[in-house]
Amino acid sequence: MKCKVEKLCGGCQLLKINREEQAKQKREYVEKIMEKSHLDVKVAPVLMAKNDLYYRNKVIVGFAKDKERNVYSGLYAAHSHRVVNTSGCLMQPHLINKIIDEITKLVESMKIELYNERTGTGLLRHVLIRYAHATNEVMVVFVTSKKMFPSRRNLVNALVKQFPQITTIIQNINSRQTSIVMQDESIILYGKGYITDILCGLKISFSANSFYQIHSEQCEVLYELAKEMLALRPQDKVLDTYCGVGTIGLSLASQCREVTGVEINGDAIKMAKQNAAQNNIKNVRFIAMDSTQFMKEARKFHQSYQAIILDPPRAGTTKMFIESACSLQPNRILYISCDPKTQARDLIFFKRFGYYTDEIRPVDMFPYTDHIETVALLTKRKMRSNKVPFQSQPKKGKGQNNRFQRVHGKNNKMHSQKRKSGYRS
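First residue of the sequence shown? That's 841 in our numbering, and the numbers climb one at a time after it.
Next comes the structure, spelled out in structure tokens:
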């Protein structure tokens, strides 16, 4: 496969390698990590994506000017702050490529000032585009250094006139000198501020800041695998931590008694509740709370779950999360990871508390890149020592007991992103 900026961009590290060889390399990569970590586990063949081109539903581009002072847009070169012109990228849907090209032309014709990282001056920092493959809805986010955006009305009108697929446009204000793309303050310029996709037969809405898997089609493969591995029963209570907009928990809700989703991002929890309502799913509840903190309090109040799911960011989870989760003694723990290295580190710690896995199931969520998603099912086994591992008790924070009781009700019954070079998140 040919890409004119392959050497400059760095987004697709495996572009010259055929898919069969990619699968082999990715599996061997995971095997080496597990061997180095002294984990006696089998690594299954990689579940490769059938759709390996034009699959990305999220794109972030920066802007720059060439020698002739013409504006261009694209990704950042590897390990740099230099923008590479990636117009027509093979990993991005044709519609997204067309919209990016049109935005680039409008930025130049409207003389919108580009942000300069070195001096901290200028207006337009990035454009984020999110795409719902099943519904063809598009979200456009302009990230600016200040709220004053003189050309925004003309820009919005021009875009929605040419692309009716654009159903919402947002301005995000990022005035900090940071490599983090977006900050908290946003203004909805057009539409509802979110778009809706169809995933596993469910209507899933997500906003600009909400986590949503980049490869929608392969995400369904991942969730079907999760469902198969968990083998839930109708009486099971499930805890879905790091739940984002609730996609995993909602897809499993019909298989079990109830699902509790926990996520620190309040905006994502708002979307998760909306997703439950618009799919008429009533046996789920979502809580805006740090997953480790929730797990500590669940341990304190002796909560019971038959299955716990965690899908943490690349940094993995925390030791306190693991210790607290294991103290609840679930039958199964499903660990979905976007970084096998941190997953291996965490699996070692899970072993200390009697939870083991026999197999790692890799899923190719990012074709032509060196990234790989891995899934592990952990089950309880007899400890090899008589030592009781659950000795440390979490410290009581001010108001923690009351907060947890509000969430779970009396008698413990429940009533209720950094910029990176190339592609990843």
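Where is the CB? At the ideal position from N, CA and C, for every residue including glycine.
Spatially closest choice to residue i from the options, by CA coordinates
i: A1155; options: P1180, Q1169 and M888; result: P1180
i: Q1133; options: R1125, I1162 and N1123; result: I1162
i: H921; options: R965, I939 and K951; result: R965
i: L1072; options: N1123, E1025, Q1146 and T1007; result: Q1146
i: Y1063; options: G1106, A1128 and L1174; result: L1174
i: M1135; options: I873, L1079 and I1088; result: L1079
i: R1139; options: S1164, L1039 and D1130; result: S1164
Cα-Cα separation, residue i to residue j
i: M1160; j: K907; result: 53 Å
i: D880; j: A1184; result: 11 Å
i: I1149; j: K1043; result: 21 Å
i: H973; j: I1035; result: 11 Å
i: F982; j: P1074; result: 45 Å
i: Q1095; j: P1202; result: 24 Å
i: D836; j: T975; result: Residue 836 lies beyond the residue range present for the chain, which begins at 841 and ends at 1265; the question has no answer from this structure.
i: L1168; j: C929; result: 47 Å
i: G851; j: V886; result: 21 Å
i: G1194; j: K1220; result: 6 Å
i: N1217; j: K876; result: The displayed chain sequence assigns Leu, not Asn, to residue 1217. Answer to the nearest angstrom: the Cα atoms are 20 Å apart.
i: E1025; j: R909; result: 31 Å
i: K1191; j: L1070; result: 19 Å
Test item: CB-CB of residue i and residue j under 9 Å
i: Y955; j: M931; result: no
i: A889; j: H1055; result: yes
i: F989; j: T944; result: no
i: P1152; j: Y1082; result: yes
i: P1170; j: D892; result: no
i: K872; j: D1210; result: no
Close-in-space but distant-in-sequence residues of the same chain around residue i (CB under 7 Å, 5 per side omitted)
i: T1182; result: R1154, A1155 and G1156
i: C849; result: L915, A917, V924, T926 and G1262
i: Q1240; result: Because Q1240 sits at a pLDDT of 41, beneath the cut-off of 50, its placement in the model cannot be relied upon, and the following sentence gives the value as read from the coordinates. Correct list, in chain order: E1137.
i: I952; result: L963, L964 and S991
Nearest-angstrom Cβ-Cβ length linking residue i and residue j, presumed shorter than 8 Å
i: L999; j: I1009; result: 7 Å
i: I939; j: V901; result: The Cβ separation is near 10 Å, so there is no contact.
i: L855; j: E846; result: 5 Å
i: Y1030; j: V996; result: 5 Å
i: E1213; j: I1188; result: Contact flag wrong, Cβ pair sits at about 20 Å.
i: G1089; j: Q1017; result: G1089 to Q1017, Cβ: 38 Å. No contact.
i: V1215; j: L1065; result: 6 Å
i: V967; j: I1006; result: Between I1006 and V967 the Cβ distance is about 12 Å, and since that is not below 8 Å, they are no contact.
heavy atom of the ligand GDP below 8 Å from residue i C-beta
i: T1100; result: Ligands are entirely absent from the displayed structure, and the ligand GDP is therefore not among its contents.
Close-in-space but distant-in-sequence residues of the same chain around residue i (CB under 8 Å, 5 per side omitted)
i: M1111; result: Y1034, S1045, F1046, S1047, S1050, V1085 and G1086
i: D1107; result: S1047, N1049 and S1050
Residues of its chain near residue i, where Cβ-Cβ distance is below 6 Å and the 5 sequence neighbours each way are ignored
i: V899; result: Q932, I936 and I969
i: I1027; result: Q1011
i: A1093; result: V1099, I1121, N1123 and V1124
i: T1158; result: T1132
i: M1205; result: H1055, Q1058 and E1213
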